[in-house]
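Worksheet for the structure shown next.
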Ligand SMILES: Cc1cc2nc3c(=O)[nH]c(=O)nc-3n(C[C@H](O)[C@H](O)[C@H](O)COP(=O)(O)O)c2cc1C
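In our numbering, the protein residues as written are 87 to 268.
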């Protein structure tokens, strides 16, 4: 059967965002280094594993993202997966450009120079393999070079329907045991 495009009503951005908001995700802060060697980062949930062999991940960035601009230049990034008590970091790194504060945010450089945030659930350090067009976003495919994971029992930060929640949907995160990453 051939669908007539004229019979399909256009989906608005609001409808699309609302529908996709029903898909719960973890929350990451993707970090890199800008042209001046300063750390940069953005909150991102459009993150997925892509391939096991070779190990690849993908992140979708708004084309206006200053973190994306830094990654294009630096050629490397870290996907830092946030734990439940790190909601404040999600808010901090959702601020545009250099508005995100680094003061008080514990981090150390990974071997590509990109910042690894302290106390995250897991960190996946990548070099840029490909960059692909994605409408008003750009898809960055990263080759995984190193990974680090927290001890079991650490609860994730979860984003769902425009807000933060726990895995059971009650809004009360389960008890966590956080490991300080050196
Ligand atoms: C929970 C959450 C998830 C987000 N996911 C993404 C994402 O996957 N890609 C993206 O480009 N922006 C995402 N954003 C928005 C960016 O964090 C925001 O636009 C930020 O200001 C961009 O900063 P930058 O320009 O310094 O990179 C998300 C924001 C929140 C709160």
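Note that the Cβ used here is the ideal one computed from N, Cα and C, for glycine as well.
A quick note: this is a predicted structure, and the numbers were derived from the prediction, not measured.
Residue environment analysis places residue 202 among the buried positions, since at least 16 neighbouring C-beta atoms fall within 10 angstroms of its C-beta. Not one heavy atom of ligand 1 is found less than 7 Å from the C-beta of residue 247. Nearest to residue 211 by C-alpha distance, out of 121, 237, 240 and 200, is 200. DSSP, read as helix, strand or coil, puts residue 100 in helix. For the alpha helix (DSSP H) assignment, the uninterrupted runs of no fewer than 4 residues enclosed by the segment 159-198 are, from N- to C-terminal side, 173-178.
Judged by DSSP secondary structure, residue 147 falls within the beta strand (DSSP E) whose first and last residues are 142-148. Three or more beta-carbon pairs drawn from the segment 229-248 and the segment 100-114 are found closer than 8 Å, and the two stretches are therefore classed as touching. Residue nearest to residue 119 within the set 156, 137 and 214 is 156 (criterion: CA-CA distance). Proximity to residue 251 across 176, 233 and 99 peaks at 176, based on C-alpha coordinates. In terms of CA proximity to residue 154, 116 leads the group 136, 189, 139 and 116.
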